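For reference, the structure is listed below as structure tokens.
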Amino acid sequence: MNSELLSVKIISIETKIPNEIYNQIGSIIIQEINTKPNPDEYFAPYVFPFENIEKISQSDNIEYKENIRNMADDLWSKELWLDALIVYYILMHITTFLPTDFYKFGYTLAKLNKPAMAQDIINLYEKEAVNKKVACHAIANFYYTALNIPKKAIDYFEKYLEFDPNNAQTYATLSFLYSQIKDYTSKDKEFNAIKKAYDLDSKNPVIVKRLLTYYEKEHNIEQVKRLYPELIKIAPSPRHSLNYGLYLISWGKINEGHKYFLERFDLDEYPIGYPKSILGLNTKWNYKDDISDKMLVVHWEEGFGDSIMYSRFLPLIKQFAKKVVLIVQPELVNLFKTSPVISNDIEIFGGIKDFVSKYKDSSYVHMPLMDLPYPLGIDSHFIPYSNGYISATNPRKFDKSKINIGIAYSGDTSSNYNDRNIELKEFYNISKIDGVQLYSLQVGESSNQMDNLPSDVSIINLGESLKDFTDTANVIAGLDFIISSDNVVLNLAGAMGKLTLGIFNKYPNYRWFNLTGDNVIWYDSVIPFQCEEENNWNFVMEKIYNTVQSAVIEHNNKQKD
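In the working numbering, each number is its position in the sequence shown, counted from 1, plus 76.
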């Protein structure tokens, strides 16, 4: 690449670009081009204008120069930042920069990680711009989208509103920017801005969603209940329906919630783990057609705990189909096959390949496991098998002189809900209670916390010995009770009817629609212990500590008797 071509000097054009910036542009272009696989090939289209830049600048061919400007603007709009920089560099040598050229040139420098230069050029744009209203909005967008400096963006959006005080979209953008600033006034300003936007344009789906997001963040359930139907009415979409469905389930409206929850099927990434392309979109059951002469294939989605929780509905769905087949995660196959409730007249596979291999020439309809409540008309007043539906085949034996407690503190860390997880150290005090022995049932990455136990803490690691959930069920069956956060162990223990102290955050996952009673509704044997403050586990763990102490006293009294 001939770098000398970029050493051109302006001959007669007044660019107003500061020399300290202008003198660096050529070097920046060279550095950027040299990062490309073939620099000479990349620069080839620009050789001619650089070789002839003096002739072009002195030419009266205004149309040609405007074509250069249009090329630069087109590259800018396509976010081809290096190419845009090269062409704007050519442009500044052949004609006078317009205010918009300064703006786009500065924006391009920002995108090429030259923030100081970019801001100097934008300051020049502000000075040159004739339309101050447009300039304020453009500069606000520069600081918002190019440099991500919320406070500067806010300053210019507020200046813009002095020209256009009823611009609803600008208030909505301001609200978002205020949410990015952490100071004592930003929350009020965030709300006031989005409320103003909503008052100006309550039919704008972007504004309604932004106001809804604010209320979601503040856990203002009444406003969420009001706004979601509004949003779905003016901007129906599978994503909005999915979110609203999850809320409805969290409010105990299980059947209505699953009606909206069904629409996740129209999203590419949902249902999670569901092989839509293999099972076929045309063969999905619509929950209306008579399938009494057909085979119904029920396939798992999401996590192990979801499969355990929703498998209770399988016996009820048999009434609709000639035959029911369940495809579940391989780790759950043996466990489900030994459950009389789940496996009765239901064929169970540990993967889609095994099913296809056996039934490749058979006709069927299919559905996700987590859709089962909808065709069954399930609601919160009727949760079947809440007293248990899974049993152990070979319960493990433990020393009965102590109270043996299984613990689990983390779910799948790759899920989108990690506020359910706690640290192993939260159990240290409980482990020191005389007459108590804790056993960790934790597997996966979180089990690494067992590697660094203090010397005065006794927790026996059983996680390494658990090969599948049949092993886990056998361990749970032999323990006195379980203490668990919201994860698969809690669901399995509950499905077995094992006494479980369930640990829940202040704002739990949507499934746990009622944690105020003696159980969690889904499982009679799971007693909820819920945080009063988000992520503050002290109160919960103190209550559990006292509960365990009471269990020890009761156990010791029985031993004496």
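The beta carbon of each residue, even a glycine, is placed where N, CA and C say it ideally should be.
Note that the coordinates shown come from a computational prediction; the quantities given were computed from them, not determined experimentally.
Report the option in the options whose CA atom is closest to the CA atom of residue i.
{"i": "Leu591", "options": "Ala120, Ser456, Asn528", "result": "Ser456"}
{"i": "Val206", "options": "Asn224, Tyr220, Tyr179", "result": "Tyr179"}
{"i": "Gly328", "options": "Val596, Ile620, Ile367, Leu538", "result": "Val596"}
{"i": "Gly453", "options": "Asn143, Ile129, Leu392, Ala192", "result": "Leu392"}
{"i": "Glu332", "options": "Pro460, Phe181, Glu117, Pro451", "result": "Pro451"}
{"i": "Val401", "options": "Glu407, Ala484, Asn268, Met371", "result": "Met371"}
{"i": "Leu445", "options": "Leu250, Ser387, Tyr260", "result": "Ser387"}
{"i": "Lys636", "options": "Asn524, Gly578, Ser477", "result": "Ser477"}
{"i": "Pro347", "options": "Ser326, Ile325, Asp369, Val374", "result": "Val374"}
{"i": "Ile97", "options": "Ser522, Lys265, Ile418, Leu200", "result": "Leu200"}
{"i": "Glu234", "options": "Asn217, Thr221, Leu223", "result": "Asn217"}
{"i": "His334", "options": "Gly570, Ser353, Pro449, Phe181", "result": "Pro449"}
{"i": "Ile498", "options": "Cys607, Pro351, Ile215", "result": "Cys607"}
{"i": "Asp600", "options": "Pro471, Asn612, Ile483, Ser462", "result": "Ser462"}
{"i": "Phe412", "options": "Pro191, Asp437, Met385", "result": "Met385"}
In its own chain, which residues sit with a C-beta less than 7 Å from the C-beta of residue i, not counting the 5 before and 5 after it?
{"i": "Leu237", "result": "Asn243, Thr246"}
{"i": "Pro406", "result": "Gly426, Gly427"}
{"i": "Phe474", "result": "Asn480, Gly554, Leu555"}
{"i": "Asn633", "result": "none"}
{"i": "Glu540", "result": "none"}
{"i": "Leu151", "result": "Asp159, Ala160, Val163"}
{"i": "Glu377", "result": "Pro347, Ile348, Gly349, Tyr350, Pro444, Leu445, Met446"}
For residue i, is the classification buried or exposed, using 16 other Cβ atoms within 10 angstroms of its Cβ as the cut-off for buried?
{"i": "Arg340", "result": "buried"}
{"i": "Pro121", "result": "exposed"}
{"i": "Asp159", "result": "buried"}
{"i": "Pro94", "result": "exposed"}
{"i": "Ser439", "result": "exposed"}
{"i": "Ser433", "result": "exposed"}
{"i": "Val624", "result": "buried"}
{"i": "Thr172", "result": "exposed"}
{"i": "Pro113", "result": "exposed"}
{"i": "Thr184", "result": "buried"}
{"i": "Lys364", "result": "exposed"}
{"i": "Gly381", "result": "buried"}
{"i": "Asp447", "result": "buried"}
{"i": "Asn622", "result": "exposed"}
{"i": "Ser383", "result": "buried"}
{"i": "Tyr260", "result": "exposed"}
{"i": "Ala569", "result": "buried"}
Reducing DSSP to helix, strand and coil, say where residue i ends up.
{"i": "Lys360", "result": "strand"}
{"i": "Tyr118", "result": "helix"}
{"i": "Glu499", "result": "coil"}
{"i": "Tyr583", "result": "coil"}
{"i": "Asn605", "result": "This sequence places Phe at residue 605; Asn is not what is there. Residue state, collapsed to three classes: strand."}
{"i": "Thr623", "result": "helix"}
{"i": "Tyr515", "result": "strand"}
{"i": "Val628", "result": "helix"}
{"i": "Tyr219", "result": "helix"}
{"i": "Leu390", "result": "helix"}
{"i": "Ala397", "result": "coil"}
{"i": "Gly381", "result": "helix"}
{"i": "Met147", "result": "helix"}
{"i": "Val374", "result": "strand"}
{"i": "Leu577", "result": "strand"}
{"i": "Ala484", "result": "strand"}
{"i": "Leu568", "result": "helix"}
Cutting at 6 Å between CB atoms, please list the residues of its own chain near residue i, excluding the five before and the five after it.
{"i": "Leu65", "result": "The chain is shown from 77 up to 637; residue 65 falls before or after that span and cannot be answered."}
{"i": "Val431", "result": "In the sequence as displayed, the identity of residue 431 is Phe instead of Val. Answer for Phe431: Ile403, Phe425, listed in chain order."}
{"i": "Pro226", "result": "Leu253, Gln256, Ile257"}
{"i": "Val533", "result": "Tyr504, Ser507"}
{"i": "Tyr291", "result": "Gln299, Val300"}
{"i": "Lys209", "result": "Phe239"}
{"i": "Met147", "result": "Val163"}
{"i": "Arg287", "result": "Rather than Arg, the amino acid found at residue 287 in this sequence is Leu. Here the set comprises Ile270, Tyr274."}
{"i": "Pro125", "result": "Ile166"}
Given residue i, which residues of its chain have a CB within under 8 Å of its CB, disregarding the five upstream and five downstream residues?
{"i": "Val17", "result": "Look at the range of the chain in this structure, 77 to 637, and you will see that residue 17 is not part of it."}
{"i": "Ser367", "result": "Before going on, a small fix: residue 367 reads as Ile here, not Ser. Closer than 8 Å at Cβ, skipping near neighbours: Trp361, Phe396, Ala397, Lys398, Val441."}
{"i": "Ile629", "result": "none"}
{"i": "Leu188", "result": "Ile104, Glu108, Trp157, Leu158, Leu161"}
{"i": "Thr469", "result": "Thr414, Thr546, Ala549, Asn550"}
{"i": "Ile89", "result": "Per-residue confidence for Ile89 stands at a pLDDT of 49, beneath the threshold of 50, marking its modelled position as unreliable; no derived number is given."}
{"i": "Ala627", "result": "Ile479, Asp556, Phe557"}
Given the structure, does residue i come close to the ligand ZN, in the sense that its CB is under 6 Å from one of the ligand's heavy atoms?
{"i": "Tyr461", "result": "Absence of the ligand ZN is noted for the structure shown, with no ligands found whatsoever."}
Return no unless some Cβ of chain C is closer than 7 Å to the Cβ of residue i.
{"i": "Ala160", "result": "No chain C is part of this structure, which consists of one protein chain only."}
Sufficient close CB pairs (3 or more, under 8 Å) joining the segment 317-336 to the segment 267-280: The segment 317-336, when compared against the segment 267-280, does not touch it at the 8 Å Cβ threshold.
May I ask you to verify whether the segment 539-549 touches the segment 341-358, counting CB pairs closer than 8 Å and requiring at least 3? When C-beta atoms of the segment 539-549 are compared with those of the segment 341-358, fewer than three pairs fall below 8 Å, so the two segments do not count as touching.
Say whether the segment 526-537 touches the segment 496-513, bearing in mind that this needs 3 or more beta-carbon pairs closer than 8 Å, one atom from each stretch. Segments in contact, yes.
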